[in-house]
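**Student:** Once you've had a glance at the structure underneath, I'll fire off some questions.
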Amino acid sequence: FKYWAHAVSDDLLNWQILKPALAPDLNCDGFEPDAVTPNGVWVGDISIVSGRPTILYAVECQKYIGMATANDPEDPRLENWTKVQSEKPVLTAKEMGVNTIRDPVTWIGSDGIHRMLADCPTGACLLKSGDFTTWRYVGDLVKWRQDTQTTDNMDDPDFFPLPGTDWHVFKVSSTASDVWTMGTYIEVNDIGEPDIFTPLIKDEIQGMSQQKIDYGSFYASKSGYDPVNKRVEL
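Count along the sequence shown from 1, then add 29; that gives the number in my numbering.
As structure tokens, this is what we get:
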């Protein structure tokens with residue numbers, strides 16, 4: 030069983046451990062009640078939707094994206110969360126026409142359209158939504174699995190602007206570490222069309238594998254923006 034651990038801090042140095050924010054349900058997190066499947070809540074992301082902190086998360090069977098919301102948006106510790114278990118999950122791999130989907134990261138564009146980047150069989154797939162509930166697959170922002178010679182596992186994508194510049198950073202976890210590339214990003218104001226990311230490194234696979242975030246063993250780090258100091262933190 031895999032949980033979302035939960036800790037709070039005032040300074041990012043000293044942390045208080047709280048109860049898990051999300052716990053797994055049986056049978057692919059409840060989305061396959063009649064099946065015997067792996068149980069676990071995997072990588073996801075948090076957005077503020079209509080004033081309420083909202084999580085999109087992957088499940089261990091890698092077929093669904095689920096949603097959870099904070100019980101009390103005014104609670105500074107956001108201790109209690111509730112999964113939104115309606116008739117179906119937010120997104121399924123089957124409706125996208127792929128075998129697996131996992132590790133979503135979300136943001137809202139300047140055009141008001143929600144974006145989701147997720148790990149799909151061909152690379153980092155891009156989805157768009159007008160309400161954060163109904164999503165449309167529009168294509169791959171980065172195809173990192175086009176090189177059949179690579180042996181590295183690539184997953185857990187992340188994508189964010191570099192403050193004070195016109196550049197965007199695409200980050201992904203390889204087998205041994207977190208790696209990255211930088212490039213230009215064109216936001217397409219059309220919910221049915223893909224945005225365009227053009228990396229400086231043309232060979233995303235071999236080029237990114239040489240650009241590590243840091244030395245040591247790092248995996249699936251998440252970015253966050255510090256609006257006070259105007260910087261991205263990992």
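Note that beta-carbon positions come from the ideal geometry of N, C-alpha and C, so glycine has one too.
Mind checking whether E89 and W71 have CB atoms under 7 Å apart?
**Tutor:** The residue labelled residue 89 in the question sits at position 60 within the sequence shown. The residue labelled residue 71 in the question sits at position 42 within the sequence shown. Yes, the pair counts as a contact, with Cβ atoms nearer than the cut-off.
**Student:** I need the boundaries of the beta strand (DSSP E) containing M145, first residue and last residue.
**Tutor:** Position 116 of the sequence shown, counted from the start, is the residue given in the question as residue 145. Where M145 is concerned, the enclosing beta strand (DSSP E) stretches over H143 to C149.
**Student:** Does the stretch 197 to 214 come into contact with the stretch 114 to 126, if we say contact requires no fewer than three beta-carbon pairs (one atom in each stretch) closer than 8 Å?
**Tutor:** The answer is no - the stretch 114 to 126 does not touch the stretch 197 to 214, with fewer than three Cβ pairs under 8 Å.
**Student:** Out of H197, L155 and G212, which one is the CA nearest neighbour of D224?
**Tutor:** On the sequence shown, residue 224 is found 195 positions in, with the first residue counted as 1. Out of H197, L155 and G212, L155 has the C-alpha closest to the C-alpha of D224.
**Student:** Counting Cβ pairs, one atom from each stretch, are 3 or more of them under 8 Å apart for the stretch 204 to 221 and the stretch 139 to 146?
**Tutor:** Contact between the stretch 204 to 221 and the stretch 139 to 146 is present, because at least three Cβ pairs lie under 8 Å.
**Student:** Closest to I230 by C-alpha separation, out of A99, G212, G138 and T162, would be which residue?
**Tutor:** For the purposes of this step, residue 230 is identified with residue 201 of the sequence shown, where counting begins at 1. Answer by Cα proximity: G212.
**Student:** Considering only their Cβ atoms, is the gap separating D74 from V171 smaller than 7 Å?
**Tutor:** Here the question's residue 171 lines up with position 142 in the sequence shown. Here the question's residue 74 lines up with position 45 in the sequence shown. In this structure, D74 does not lie closer than 7 Å to V171 by Cβ.
**Student:** With burial defined as no fewer than 16 other Cβ atoms inside 10 Å of the residue's Cβ, what is the status of T177: buried or exposed?
**Tutor:** On the sequence shown, position 148 is the one that residue 177 refers to. Residue confidence is low: T177 scores 49 on pLDDT, short of 50, so the model does not pin down where it sits. Its coordinate-derived value is still stated next. By the neighbour-count rule (16 or more Cβ atoms within 10 Å), T177 is not buried but exposed.
**Student:** Pick out the complete beta strand (DSSP E) segments inside the stretch 61 to 112, 3 residues or longer, and give them in chain order.
**Tutor:** The stretch 61 to 112 contains these whole beta strand (DSSP E) runs: 70 to 78, 81 to 88, 93 to 99 and 110 to 112.
**Student:** Can you check which of these residues, W44, P49, N43 and N68, is closest to R55 by C-alpha distance?
**Tutor:** Here residue 55 is taken as the residue at index 26 of the sequence shown, counted from 1. Strictly speaking, residue 55 in this sequence is Leu, with Arg absent from that position. Nearest option by C-alpha distance: N68.
**Student:** In the DSSP assignment, the beta strand (DSSP E) including K48 goes from what residue to what residue?
**Tutor:** Counted from its first residue, the sequence shown places residue 48 at position 19. Note, K48: beta strand (DSSP E), Q45 to L51.
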